[in-house]
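Engineer:
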Amino acid sequence: MEWLRAPGADDDKRSMGVLGVITGSERYPGAAVLGVEAAWRTGIGMVRLWAPRRVQDLVLARRPETVCHALDEPADGVDAWLLGSGQDAGERDPRLRSLLLEALRSSVACVVDAGALDLVPGHAGPVVVTPHGRELERLLEQLGVRVDEDERMRAAAAAAALDAVVVAKGAATHVVEPSAATATVEAATHRLATAGTGDVLAGMLGAIVAANAEAAREARALASIAALAVALHGAAAAAAAVGGRPITALDVAEHVPAAVAARTAR
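So this note's numbering is basically just the index in the sequence shown, starting at one, shifted up by 6.
Right, dumping it as structure tokens:
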């Protein structure tokens with residue numbers, strides 16, 4: 007099934023998906039900017055951000071259509087969650103921890119990155135995690151799972167232990183279901199090896215999950231959505247890096263609409 011669609015005459019901002027975002031921090035506010043930018047560029051109907059004031063201000067300077075909330079406001083009214091980008095579990099305060107757990111214990115699908123990965127065990131609803139290699143190793147250590155084999159096998163072990171879809175990011179990105187079914191997406195360009203591109207991928211994935219909230223409750227569909235997001239992310243990066251030019255994460259985000267349009271035109 008194709009997970010991208012253009013709005014029709016009967017659509018509005020809510021029917022196109024509402025993504026709740028709990029990302030960024032005083033130390034790493036740019037992660038929220040990049041993830042929110044990427045979500046909007048992917049075609050989401052609405053983005054709602056829960057974050058500290060500094061993070062809100064930077065996001066609004068770039069994407070003023072974003073609806074912002076303080077960290078002590080209830081986490082509800084969304085079709086999917088994007089959690090953890092630009093956060094450090096070692097610096098997490100009780101308010102943020104409570105909010106992240108509220109999202110993870112809801113029935114809503116969650117895309118979990120970086121600083122919220124340690125909170126995934128015990129989640130209630132559908133979850134897809136997006137660790138890079140070192141984060142995946144730390145996650146397996148936390149779970150008490152020892153796997154000395156390749157990245158795909160480590161991702162499969164984490165998927166089974168967490169009962170979640172795992173997107174193990176790298177030059178070859180492995181998207182693994184809890185059943186161990188795996189799709190591998192080769193990077194379209196190695197220029198993706200630059201800071202912030204993972205935040206862009208997380209925002210794109212969150213947007214597509216929110217737009218397909220009912221289907222995303224099933225692991226196979228959630229993994230298919232994740233594989234699509236990885237492929238679109240690579241296509242956007244390749245377009246930004248045409249001719250071998252160096253790129254930034256924001257360059258990738260800015261090429262997402264063209265990648266989406268090319269995919270939907272097939």
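Just so you know, even glycine gets a beta-carbon here, dropped at the ideal spot from N, CA and C.
Owing to the predicted nature of the structure, the values given are computational and were not obtained by experimental measurement.
Determine the DSSP secondary structure at G209, reduced to helix, strand or coil.
Structural biologist: helix
Engineer: Which residues does DSSP pair with A192 in a beta bridge?
Structural biologist: Note that residue 192 is Glu in the sequence shown here, rather than Ala. In the DSSP output, where bridge partners are listed per residue, E192 has A178.
Engineer: Can you name the residues that DSSP bridges to L55?
Structural biologist: L55 pairs with V27, C74.
Engineer: Closest to I214 by CA distance: which of D169, R98, S21 is it?
Structural biologist: S21
Engineer: Considering only their Cβ atoms, is the gap separating R68 from P263 smaller than 7 angstroms?
Structural biologist: no
Engineer: Would you report the Cα separation of A177 and A37, rounded to the nearest angstrom?
Structural biologist: 21 angstroms
Engineer: Decide if V172 is buried, meaning its Cβ has at least 16 other Cβ atoms within 10 Å, or exposed.
Structural biologist: buried
Engineer: Mapping DSSP to helix, strand and coil, what is L125?
Structural biologist: The DSSP-derived three-state label of L125 is helix.
Engineer: Using a Cβ-Cβ cut-off of 6 angstroms (strictly less than) and excluding sequence neighbours within five positions of A162, which residues of its own chain qualify?
Structural biologist: V182, A186
Engineer: Are there three or more Cβ pairs, one per stretch, closer than 8 angstroms when the segment 22-32 is compared with the segment 50-61?
Structural biologist: They touch, by the three-pair rule.
Engineer: From this set, R223, E141, R197, R11, which residue's C-alpha is nearest D94's C-alpha?
Structural biologist: E141
Engineer: Answer with buried or exposed for T29, where buried requires no fewer than 16 other C-beta atoms within 10 angstroms of its C-beta.
Structural biologist: buried
Engineer: Closer than 8 angstroms is the cut-off here; do at least three beta carbon pairs connect the segment 151-160 with the segment 110-125?
Structural biologist: With a cut-off of 8 angstroms, the segment 110-125 and the segment 151-160 do not count as touching, because too few Cβ pairs lie within range.
Engineer: Only counting the same chain, and skipping five residues up and downstream in sequence, which positions put a Cβ closer than 6 angstroms to that of A244?
Structural biologist: A194, T195
Engineer: Can you grab the Cα-Cα spacing for the pair T254 / E143, in whole Å?
Structural biologist: 26 angstroms
Engineer: Could you check if P132 is buried or exposed, using at least 16 other CB atoms within 10 Å of its CB as the buried criterion?
Structural biologist: buried
Engineer: Below 8 angstroms, can you find three or more Cβ-Cβ pairs linking the segment 77-94 to the segment 212-227?
Structural biologist: yes
Engineer: Starting from A81 and walking both ways along the alpha helix (DSSP H), at which residues does that stretch end?
Structural biologist: Per DSSP, A81 belongs to no alpha helix (DSSP H) and is neither H nor E.
Engineer: Give the secondary structure of A201 by DSSP, where H, G and I count as helix, E and B as strand, and everything else as coil.
Structural biologist: Here A201 carries a coil assignment [DSSP, helix/strand/coil].
Engineer: On the DSSP bridge list, what partners appear for L88?
Structural biologist: V27, V117
Engineer: With a 10 Å radius around its C-beta and 16 neighbouring C-beta atoms as the bar for buried, classify R197 as buried or exposed.
Structural biologist: Classification of R197: buried, given that the 10 Å Cβ count is 16 or more.
Engineer: Starting from V151, follow the beta strand (DSSP E) in both directions and report where the run begins and ends.
Structural biologist: Looking at the DSSP string, V151 is not in any beta strand (DSSP E), and its letter there is neither H nor E.
Engineer: Check the DSSP bridge columns for V171 and list the partner residues they point to.
Structural biologist: In the DSSP output, where bridge partners are listed per residue, V171 has V134.
Engineer: Can you name, in chain order, every residue of its own chain whose Cβ lies under 6 angstroms from the Cβ of A170, other than the five neighbours on each side?
Structural biologist: V133, V135
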